Amino acid sequence: MPDVRRVMVVYGTRPEAIKVAPLVIGLTKAALFEPVVVVTGQHREMLDQVHETFGIEPDADLGIMRQGQTLAELTSRAVSGLDGLVAACRPDVVVVQGDTTTTLAGALAAFYHRVPVVHLEAGLRSGDLYSPFPEEANRSLTSRIATLHLAPTSDSADNLLREGVPAELVVVTGNTVVDALLRSTCTGHGYREPRLAGLDDDGRRVIVVTAHRRESWGRRMEGIARALSRLAAAGRRDVRLVFPMHPNPELRRTLLPRLGRHPNITLTEPLHYGDFARLLRRSYLVLTDSGGIQEEAPSLDKPVLVMRDTTERPEAIRTGAARLVGTEEDAIVAGVSGLLHSPEEYRRMARARNPYGDGRATERALAALAHLFGLGPRPVPFGALPEQHPRTEPAVARRTRRAVSR
Ligand code: UD1
Ligand code: UDP
């Protein structure tokens, strides 16, 4: 096949899988590309859940998850496994997503074989190398290696330009999580998780909770657990907290003894994406330290309180859809209580604009890939009016192509 380009997509965790799923599906349908889907298996059950939801069957699975492995073990397993696959498959580009260990390992493995790296969800920065840990380092290092940077918003594109990435190698696409969310919320059937049976008919206000960040393990996670206990006790008659728990044993050791016995806290295993999207829609507000959920909640008009000290997603804070509450017990309780008791405050947050996407990020990412190979025009960026974005100069297109054939 003459002009078909081999695109290896590498990922390994739940959030990467959700965010690349629309792209993998798009690549499969596009005549210009031959996708090769490679997973590290950094996550196991949570990755398999996403594949089942989107009907994706990877071409290769390294199965690197081990209980309690260190970051160094995880990274070295991922890099050496991917090294062999990149060598054997000889892709034209490798696509990585986000900021996990798999992201960085995929970028490194491609780089060692001089294969250009395309970074999906590029340019997010908190400005603090240790928060989130190790993600801020993972994504910054990936930016140093990448050839094409698919930034979800103009803020993330600006971060890259400030770091000296040439403008012609940055395309603002919107976040593919919005595309994934739109796909999954179109289906109508009930929850697969038995503990959520009847939730849609429960008259209580539902607070969705998730927490998993490494920098919050230990003392901070204890603060989060104490805040949830207090909120559950105070809202016994009219509030129900639903907390799908990350499987990491380190987290469960802190959370289970403190939260297991409240009648209005429902703890569940990780939910299938369809269930989680349904739960978000059903919810009144969201309390989380998750990156992806910070983007999904505003897309569904749900106020989101972020249990972290920093965020690389300032857009929703600026539009008013999200607020940083940190991990201190009193601050979390005050943040949630404010929203439960002030309809005005609630309305302001719920009505704020969703800055993360319009459901067409995949389309722009595919166009940006085609453009990288000199097979199509540069896409109009997310957020720009078409007339504000002049057609790419031929010289710029030439420079972009040179980067691919380096
Ligand atoms: C990882 C990413 C983080 C991302 C998060 C999303 C790194 C270093 N961290 O964190 O950026 O926000 O995923 O969830 O890349 N486990 C299971 N089954 C699973 C998944 C995890 O049992 O399906 C358990 C295992 O014991 C595993 C542990 O959780 O060792 C931690 O998993 P790991 O991928 O190292 O880190 P996360 O905390 O999940
Ligand atoms: N999610 C899910 N089931 C759950 C909890 C979350 O499918 O029980 C989805 C959620 O909709 C979002 C993604 O997982 O798209 C976020 O993953 P996570 O919080 O683990 O990682 P992060 O986004 O913080 O890297």
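Read in order, the letters of the sequence shown are residues 1 to 406 in our numbering. The beta carbon of each residue, even a glycine, is placed where N, CA and C say it ideally should be. Fair warning: this is a prediction, and the values are worked out from it, not measured in the lab.
If you measure from the CB of residue 411, is any heavy atom of the ligand UDP nearer than 8 angstroms? The requested residue 411 is not part of the displayed model; the chain covers only 1 to 406.
Return yes when the Cβ of residue 303 is within less than 9 angstroms of the Cβ of residue 285, no when it is not. The Cβ atoms of residue 285 and residue 303 lie closer than 9 angstroms to each other.
Helix, strand or coil for residue 102, going by three-state DSSP, please let me know. Looking at residue 102 - three-state DSSP - the assignment turns out to be helix.
Whole angstroms is fine: what's the gap from residue 50's alpha carbon to residue 77's? Roughly 22 angstroms between the two C-alpha positions.
Run the CB neighbour count on residue 325, radius 10 Å, all protein chains shown included, and call it buried at 16 or more, exposed below. Buried is the call here.
Take residue 353 and list the residues in its own chain whose beta-carbon comes closer than 6 angstroms to its own, dropping the five residues that flank it on each side. The answer, listed in chain order, is 319.
Using 8 angstroms for Cβ pairs, my map puts residue 229 next to residue 262. What's the rounded Cβ distance? Correct: roughly 7 angstroms between the Cβ atoms.
What does DSSP give as the partner residue(s) for residue 119 in the beta ladder? Residue pairing for residue 119: DSSP places it in a beta bridge opposite 96, 149.
Closer than 6 angstroms by C-beta to residue 186: which residues in its own chain qualify, once you throw out the five before and the five after it? Chain order, please. In this predicted model, residue 186 has a pLDDT of only 49, less than 50, meaning its place in the structure is not dependable; the value taken from the coordinates is given anyway. Excluding sequence neighbours, residue 186 sits near nothing in its chain.
CB of residue 8 to nearest heavy atom of the ligand UD1: below 8 angstroms? Every heavy atom of the ligand UD1 is 8 angstroms or more from the Cβ of residue 8, so no.
For residue 100 and residue 117, I'd like the C-alpha separation in whole angstroms. Roughly 15 angstroms separates the two Cα atoms.
Less than 9 angstroms between the beta carbons of residue 6 and residue 91, yes or no? Contact: yes.
Under 9 angstroms between the Cβ atoms of residue 165 and residue 143? Cβ atoms of residue 165 and residue 143: closer than 9 angstroms.
Roughly how many angstroms lie between the CA atoms of residue 23 and residue 94, to the nearest whole one? Spanning the two alpha carbons is a distance of roughly 13 angstroms.
When DSSP labels each residue in this structure, what does residue 191 get in the three-state scheme? Residue 191: coil per DSSP, three-state reduction.
Just checking my contact of residue 206 with residue 282 at CB under 8 angstroms: how many whole Å lie between their CB atoms? Rounded to the nearest angstrom, the Cβ distance from residue 206 to residue 282 is 6 angstroms, consistent with a contact under 8 angstroms.
Stretch pair the stretch 303-315 + the stretch 81-88: three plus CB contacts closer than 8 angstroms: In the pairwise beta carbon analysis, the stretch 303-315 is classified as not touching the stretch 81-88: fewer than three pairs are separated by under 8 angstroms.
Residue 290 CB to nearest heavy atom of the ligand UD1 below 8 angstroms: Placement of the Cβ of residue 290 at a distance of less than 8 angstroms from at least one heavy atom of the ligand UD1 is found.
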